[in-house]
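Colleague: Just so we're aligned, residue 405 is where the sequence shown starts under the numbering used here, counting upward by one.
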Amino acid sequence: PAEPESPYRVVLLGASGVGKTAFASIFAGAADSMDSDDCELCGGEEKIKTTVDGEPATITLVDTWDTEQHMQTGDAYLLLYSITDRTSFLRASELRITLRRFCPAQNTPIILVGNKCDLVRRREVSATEGRACAAVFDCKFIETSAAMQHNIWEAFHGIVRQLRLRRDSR
Ligand code: GDP
Numbered sequence: 405p406a407e408p409e410s411p412y413r414v415v416l417l418g419a420s421g422v423g424k425t426a427f428a429s430i431f432a433g434a435a436d437s438m439d440s441d442d443c444e445l446c447g448g449e450e451k452i453k454t455t456v457d458g459e460p461a462t463i464t465l466v467d468t469w470d471t472e473q474h475m476q477t478g479d480a481y482l483l484l485y486s487i488t489d490r491t492s493f494l495r496a497s498e499l500r501i502t503l504r505r506f507c508p509a510q511n512t513p514i515i516l517v518g519n520k521c522d523l524v525r526r527r528e529v530s531a532t533e534g535r536a537c538a539a540v541f542d543c544k545f546i547e548t549s550a551a552m553q554h555n556i557w558e559a560f561h562g563i564v565r566q567l568r569l570r571r572d573s574r
């Protein structure tokens, strides 16, 4: 059996209203089914124990509006915008640039997340644009819906897989 990994800090970044809290509460909801000792929800941080590819993973998820403070502390970042809000998409680009300044390591896992993909009629940012932006910023891309719980765990597992690739290449 694989050794348990030390907790990774995964930071949720993005404009207000894009769905960070909704994201965090889905993960917290899954953690609720475990021993209460395993689930700590305090000060926008929550510890999640789960299994990814048959290997246990512990993540400290940080949901914050105080982005600059957390830009140096994350092992990985989920960079959220809403597909219904172009301003939030532009904000995600700004955050990506700031992130590069704060955390210049080339291999820091970052996923650009286009949330609210259930709101098809209100879409302002196409998936093609999202993917192109991710390519420019050299990060992964996924569209999710916290409301429909679509692709949320895919995003989470994607981050864990990237963290492991980095760990294993050390
Ligand atoms: P935060 O400010 O980034 O933490 O955003 P919230 O998680 O508070 O979400 C803002 C609003 O968007 C809330 O009313 C959520 O219910 C809603 N919301 C979040 N994610 C989704 C989604 O995937 N689809 C839809 N339709 N609404 C969402």
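We put the CB at the ideal spot given by N, CA and C, even for glycine.
Do T477 and R413 come within 9 Å of each other at the CB atom, strictly closer than that value?
Modeller: Contact: yes.
Colleague: State yes or no: is the C-beta of A419 within less than 9 Å of the C-beta of Y485?
Modeller: Result yes, Cβ atoms of A419 and Y485 sit closer than 9 Å.
Colleague: Is it true that the CB of F545 sits closer than 9 Å to the CB of L516?
Modeller: Against a cut-off of 9 Å, the Cβ pair of F545 and L516 comes out as a contact.
Colleague: Compare the Cα-Cα distances from V564 to each of K424, S429, I463 and report the closest residue.
Modeller: Nearest option by C-alpha distance: I463.
Colleague: To which residues of the same chain is D441 closer than 6 Å at the C-beta, ignoring the five residues directly before and after it?
Modeller: For D441, the predicted structure reports a pLDDT of 45, less than 50, and the residue's modelled location is therefore unreliable. A value from the coordinates is still provided. Excluding residues within five positions, none has a Cβ falling inside 6 Å.
Colleague: Which term fits V529, buried or exposed, when burial requires 16 or more other beta carbons within 10 angstroms of its beta carbon?
Modeller: Flag for V529 reads buried.
Colleague: Helix, strand or coil: which one does DSSP assign to G418?
Modeller: Of the three classes helix, strand and coil, the one that applies to G418 here is strand, per DSSP.
Colleague: Using DSSP with H/G/I as helix, E/B as strand and the rest coil, what is D439?
Modeller: Unreliable placement is indicated for D439, whose pLDDT of 44 sits below 50; no coordinate value is reported for it.
Colleague: Verify the contact flag: A496, CB atom, against every heavy atom of the ligand GDP, threshold strictly below 8 Å.
Modeller: A496 Cβ: outside cutoff for every heavy atom of the ligand GDP.
Colleague: Within 10 Å of its beta-carbon, does D489 have 16 or more other beta-carbons around it, so buried, or fewer, so exposed?
Modeller: Burial call: buried.
Colleague: Start and end of the beta strand (DSSP E) containing I514?
Modeller: Residues 514-519.
Colleague: What residue does the alpha helix (DSSP H) around D467 start on, and which one ends it?
Modeller: First-last for D467: 459-467, but that is the beta strand (DSSP E), not the alpha helix (DSSP H).
Colleague: If you draw a straight line from the C-alpha of F431 to the C-alpha of A496, how long is it?
Modeller: Approximately 22 Å, taken between the alpha carbons.
Colleague: Distance, Cα to Cα, C507 vs D457?
Modeller: Straight-line Cα distance between these residues: approximately 28 Å.
Colleague: Kindly provide the chain-ordered list of residues whose Cβ lies closer than 6 Å to any non-hydrogen atom of the ligand GDP.
Modeller: Chain-ordered list of matching residues: G418, S420, G421, V422, G423, K424, T425, A426, N519, K520, D522, L523, S549, A550, A551.
Colleague: Going by DSSP, what residue range makes up the alpha helix (DSSP H) through L567?
Modeller: That run of the alpha helix (DSSP H) goes 556-572.
Colleague: With a threshold of 7 Å on Cβ separation, who are the neighbours of L567 within its own chain once the five nearest residues in sequence on each side are excluded?
Modeller: So the qualifying residues of the chain are Y412, D479, A480, P513.
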